[in-house]
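J.: Numbering (the numbering used here), first residue to last: 67 to 461. Beta carbons are placed, not taken as given, at the ideal position from N, Cα and C, and that holds for glycine.
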Amino acid sequence: MKITKLIEKLGSMEPDGQPFFSIYINAQPGENGRDTYPIWLKTQLSGEEQKYKEDEGQLGRFNDVRDRINSFVEEDADSGANGIAIFAGLGGDDFFEVVQLDVPFPESSFHSGERPHIFPLARAVYENPRYAVLWADTNKADIYIFGGETRIRSDVDLDSNVASIENAVTSGTSAGGWSQQRYQRRRENFHLKHAKEVVSELEELMKKVEVDSLVICGDEETILPVFKPQLSKPLEEKLIGTVSASQYESPEELREKALEVINIETATLQQKKIEQLNDAAKSSAKMGTLGVEDTLTALANGQVEELVIATNIDSIDYSKKKVKKILKAYEPGDDTAPAEALSAIGDARAIADQLITRAINTGARITFVKDASMLANDGGVGAILRFSMNAHSTG
């Protein structure tokens, strides 16, 4: 199951009266190179067990789930995974799903409640978008796809090389006079043909796997000037940077170099996104919202084009009274809402899950902002709208 589909499924699950476990594990090795999370997990499960000591039926269901969790950790956990998410319910549907990630969760956490806690998983997915990396020299090119669900899941082959193009090397024998000019022209034509072939392959691949960002790597003097002019307008718009690298040892090395460019660009784009959000919210047409209350209302109305939310869940701040009123007003027949929406108004995690679930259910894009200060005065959340708040309020 794709991670985004799992998030949708988790967000739409209705409480069945039984506890549901959402377990997020930072599985990065300790200083001695060994996994430390099994001890942490054992402690968490032991503490949870105490809640069911007085109910034999509940205790039996808990023991079954604990056995499945322990069995996974002992037999199926990927030693290369840096993040693990386990979702399990004590209800009769026998729900049990595990996601293993290359990216770690900031910290391990154990959540037991009526519904799944999806915010950390959604954050991991949306903070690691899919991007393409093209490395090329004069006669060879490699195209890699990183990020997204092809890269984030550690149960997928880590060698993300999806295409390799190689042309015969043009002879470097020197010549003089007219022959030298003709040779140089033929050599340039060959390089140009090679670049066009690679770019064509790249464009087809990026369309096929829906990649929105591109980084080009190669020699700064001989490769980048040849390849960049061959990019079509759509590819040029997706190019976010270049890396000077005449060679590389492994896909991981290339990924790390490209990631430096990605991170710099992401910070710049997030700043621009906040500016766009503020302009939209302050415009006379009210094409944006700031704060949990107005954003929640817009999500319930299906108005949100893009949800902008802080990565730090502690930044989510709101008026419980106002949020309760909004949820009460929209609960009957509200298809965008998770079930039992009113049951955990005081829990910022539940409200964050509300926002994410409603965004997914209405097809809104989601942008996580790492710098919490950008949304500090707005309760950690805002939205860019499809249609005006004024249009809805005036009917």
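Under 8 Å, do isoleucine 426 and glutamate 74 count as touching if we go by C-beta distance?
T.: yes
J.: What would DSSP say about arginine 452, mapped onto helix, strand or coil?
T.: DSSP places arginine 452 outside both helix and strand once states are collapsed to three, so it counts as coil.
J.: From the DSSP output, read off the bridge partner residues of arginine 431.
T.: Glu372
J.: Give the straight-line distance between the Cα atoms of lysine 119 and isoleucine 152, rounded to the nearest whole angstrom.
T.: 23 Å
J.: For serine 310, count neighbouring C-beta atoms within 10 Å of its own C-beta (all shown protein chains included) and say buried if the count is 16 or more, exposed if not.
T.: exposed
J.: Under the three-state reduction of DSSP, which class applies to glutamine 166: helix, strand or coil?
T.: strand
J.: I'd like the list of long-range same chain contacts for leucine 305, defined as Cβ closer than 7 Å, with 5 residues on each side in sequence excluded.
T.: Leu280, Ile282 and Leu297
J.: Nearest CA to the CA of valine 370: which residue from Phe453, Trp201 and Gly357?
T.: Answer by Cα proximity: Phe453.
J.: Compute the distance between the beta-carbons of alanine 190 and phenylalanine 171, then report whether it is under 8 Å.
T.: Their beta carbons are under 8 Å apart, which means alanine 190 touches phenylalanine 171 by this criterion.
J.: Among Gly368, Ile135 and Gln420, which has the Cα closest to the Cα of isoleucine 375?
T.: Gln420
J.: Which word fits serine 112, buried or exposed, when buried means at least 16 other C-beta atoms lie within 10 angstroms of its C-beta?
T.: By the Cβ-count criterion, serine 112 is exposed, with fewer than 16 other Cβ atoms from all chains shown falling within 10 Å of its own Cβ.
J.: Quick check on isoleucine 91: buried or exposed, where buried means 16 or more other Cβ atoms within 10 Å of its Cβ?
T.: buried
J.: Please state whether the Cβ-Cβ distance between alanine 347 and threonine 334 is less than 8 Å.
T.: no
J.: Alpha carbons only, please: which of Leu373, Thr423, Thr332 and Val389 is nearest the one belonging to asparagine 194?
T.: Looking at the Cα atoms, Thr332 is the closest of the given residues.
J.: Would the beta-carbon of tyrosine 197 fall within 8 Å of that of valine 265?
T.: The answer is no: Cβ separation not under 8 Å.
J.: Rounded to a whole number of angstroms, what is the C-alpha to C-alpha distance between lysine 338 and asparagine 344?
T.: As the crow flies, the alpha-carbon of lysine 338 is around 10 Å from that of asparagine 344.
J.: What does a CB cutoff of less than 6 Å around glutamine 94 pick up in its chain, not counting 5 residues either side in sequence?
T.: Around glutamine 94: Asn148 and Pro170.
J.: Can you tell me whether DSSP reads lysine 387 as helix, strand or coil?
T.: helix
J.: Cα-Cα, which of Ala351, Glu341, Ser349 and Leu393 is closest to valine 358?
T.: A check of alpha carbon separations from valine 358 across Ala351, Glu341, Ser349 and Leu393 identifies Leu393 as the nearest.
J.: Hey, out of Tyr192, Asp203 and Phe87, whose CA is closest to glycine 213's CA?
T.: Between glycine 213 and the set Tyr192, Asp203 and Phe87, the nearest pair of CA atoms involves Tyr192.
J.: Look at the Cβ atom of threonine 423, then the Cβ atom of isoleucine 184, and state whether they are nearer than 8 Å.
T.: yes
J.: Determine the direct distance from the alpha carbon of glutamate 115 to that of phenylalanine 128, and round the result to whole angstroms.
T.: 7 Å
J.: How far does the alpha helix (DSSP H) with asparagine 136 in it reach, from first residue to last?
T.: Per DSSP, asparagine 136 belongs to the alpha helix (DSSP H) from 122 to 137.
J.: How long is the line joining the alpha carbons of valine 199 and valine 165, rounded to whole angstroms?
T.: 25 Å
J.: Among all the DSSP beta bridges, which residues are the ones paired with tryptophan 106?
T.: Tryptophan 106 pairs with nothing; no bridge assigned.
J.: According to DSSP, simplified to helix, strand and coil, what is asparagine 194?
T.: coil
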